[in-house]
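Under the numbering used here, the first residue of the sequence shown is numbered 2, with each subsequent residue one higher.
Okay, structure first, notes after.
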Amino acid sequence: MEELCMWCEETPVTETEDTVYWELPDGSRAIEIKEVPSRHCPSCSCTYQDHETIKGIENHLFIINTSILANTLSYKELMEQPKLLKKNYFDFT
Ligand SMILES: [Zn+2]
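Have a look at this one:
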């Protein structure tokens, strides 16, 4: 099944990769994420990320230590960042 462009809703989109700028959940800064799976419409020349990809990035940024992130990284590098524990179980002080 072909996926139609979410803007013109007429043209099937192709898969591509794009660079996006993303504000961190705490609003401290924005990072550049490269090679993000994206859709491209040859008709209206728009490039965008589908809802699942956006949700995936948003959710991931909430569960990792964003303060150690580089200003520029790839989508793969971002999604490979280890999740933080909700509590610090190793703090016995
Ligand atoms: Zn389009």
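We put the CB at the ideal spot given by N, CA and C, even for glycine.
Proximity of residue i and residue j at Cβ, strictly below 8 Å
{"i": "residue 33", "j": "residue 72", "result": "yes"}
{"i": "residue 9", "j": "residue 46", "result": "no"}
{"i": "residue 37", "j": "residue 14", "result": "no"}
{"i": "residue 18", "j": "residue 40", "result": "no"}
{"i": "residue 35", "j": "residue 68", "result": "no"}
Cross-strand partners of residue i (DSSP beta bridge)
{"i": "residue 15", "result": "41"}
{"i": "residue 34", "result": "21 and 74"}
{"i": "residue 67", "result": "Per DSSP, none; premise fails for residue 67."}
{"i": "residue 5", "result": "13"}
Extent of the continuous alpha helix (DSSP H) run through residue i
{"i": "residue 79", "result": "76-80"}
{"i": "residue 60", "result": "52-64"}
Is the stretch 40-52 in contact with the stretch 61-69, if contact means three or more CB pairs nearer than 8 Å? No contact exists between the stretch 40-52 and the stretch 61-69.
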